[in-house]
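Residue numbers (our numbering): 1 to 324. First up is the structure itself, then whatever we jot down about it.
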């Protein structure tokens with residue numbers, strides 16, 4: 001019995017076997033290499049602006065290099081990394097970064113979840129509310145920080161004026177450790193809450209409406225629907241926003257730098273380094289002290305911390321899914 005065969009579009013486009021003309025070879029090369037040519041710009045840009053700086057930073061971290069003379073370097077091995085283990089300022093910056101990361105990320109994501117839940121209802125002027133929620137994200141870091149620095153001012157700040165009615169005396173937000181970190185965390189929370197709320201809103205709208213109808217028929221109220229339908233449906237999105245927010249918190253730089261109010265060394269994060277982050281300490285070692293090798297070691301330490309956190313988060317997410 002004869003078996004009918006069909007040719008794929010790719011086979012139809014190829015010239016017949018045995019063709020040796022220049023046109024046939026060019027057609028075959030075109031089909032073979034064109035896909036690689038189309039995706040090559042991404043890999044070229046990634047190699048130039050992602051991979052090369054990463055490798056160069058790793059190589060620099062193993063050398064003693066000064067900013068004033070970067071062409072001269074001497075091999076020191078892991079000394080820049082071992083010095084970080086006994087560097088009090090590095091661990092102070094690490095602790096500040098962690099504390100401000102928790103203070104800004106946790107309330108930010110919780111409020112974003114609540115806002116997204118409200119925006120998911122059928123509201124009048126929903127487009128206006130969505131744009132209004134996102135508008136802080138469009139504000140520049142400099143403008144937002146300068147305004148909030150005035151609000152948190154010690155003598156004439158609006159926050160202290162409000163606290164005065166509750167019997168609380170003026171707080172010097174900038175010179176206190178926790179007060180400064182809370183103020184900076186408020187700025188970060190204000191800027192990023194709307195951005196995360198819209199991400200949650202997009203994920204909420206992808207949850208099938210039948211699940212809510214079934215829950216309503218079973219007698220579940222709004223809060224129970226939110227806990228047992230919305231939250232499980234958003235779990236992958238929540239993990240994503242936690243990872244992204246953590247990466248952003250580990251790179252916190254503009255807000256604390258501008259909150260210090262200028263001065264001779266704003267990268268110190270206050271007179272007692274009370275809100276100096278890892279990014280600010282990296283800047284101080286690399287551009288103020290001009291020790292490029294030590295700054296590169298700090299950059300790689302930050303990178304490894306982020307990778308470690310992402311791995312832990314991924315592991316926890318997988319265990320949660322397998323437990324279900």
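By construction, the Cβ of each residue, glycine as well, lies at the ideal position given by its N, Cα and C atoms. Please read these numbers as outputs of a predicted model, since none were measured by experiment.
- Relative to the Cα of residue 94, the nearest Cα in the group 207, 299, 212 belongs to 299.
- The continuous beta strand (DSSP E) containing residue 69 extends over residues 69 to 75.
- The secondary-structure analysis by DSSP pairs residue 63 across a beta bridge with 75.
- For the set 272, 287, 148, 244, the Cα lying nearest the Cα of residue 106 is the one of 244.
- Sequence-distant partners of residue 67 (beyond 5 residues in either direction) whose C-beta falls short of 6 angstroms from its own C-beta, in its chain, are 290, 292.
- Measuring C-alpha to C-alpha distances from residue 157 to each of 173, 143, 257, 74 identifies 173 as the nearest.
- The Cβ-Cβ distance between residue 255 and residue 188 falls below 8 angstroms.
- For the options 141, 59, 212, the alpha carbon positioned closest to that of residue 120 is the one of 212.
- Under the three-pair Cβ rule at 8 angstroms, the segment 193 to 202 counts as touching the segment 128 to 140.
- Inter-residue distance for residue 113 and residue 200 is about 6 angstroms (C-alpha atoms, whole angstroms).
- Collapsing the DSSP output to three states places residue 117 in a helix.
- Put simply, of 216, 247, 55 the residue whose alpha carbon is nearest the alpha carbon of residue 98 is 247.
- Between residue 258 and residue 145, the C-beta gap is smaller than 8 angstroms, which places the two residues in contact.
- Looking at the DSSP output, residue 88 bridges to nothing.
- With a 10 Å radius around the Cβ and a threshold of 16 neighbouring Cβ atoms, residue 238 comes out buried.
- Residue burial annotation: residue 55 is exposed, with fewer than 16 other C-beta atoms found within 10 angstroms of its C-beta.
- Cβ neighbours of residue 279 within its own chain (closer than 7 angstroms, five residues either side excluded): 251, 252, 253.
- Taking the Cα positions, residue 294 is about 9 angstroms away from residue 63.
- For residue 47, the number of other beta carbons within 10 angstroms of its own is below 16, and it is reported as exposed.
- In terms of Cα proximity to residue 159, the closest of 267, 102, 151 is 151.
- In the DSSP secondary-structure assignment, residue 291 is bridged to 66.
- Collapsing the DSSP output to three states places residue 170 in coil.
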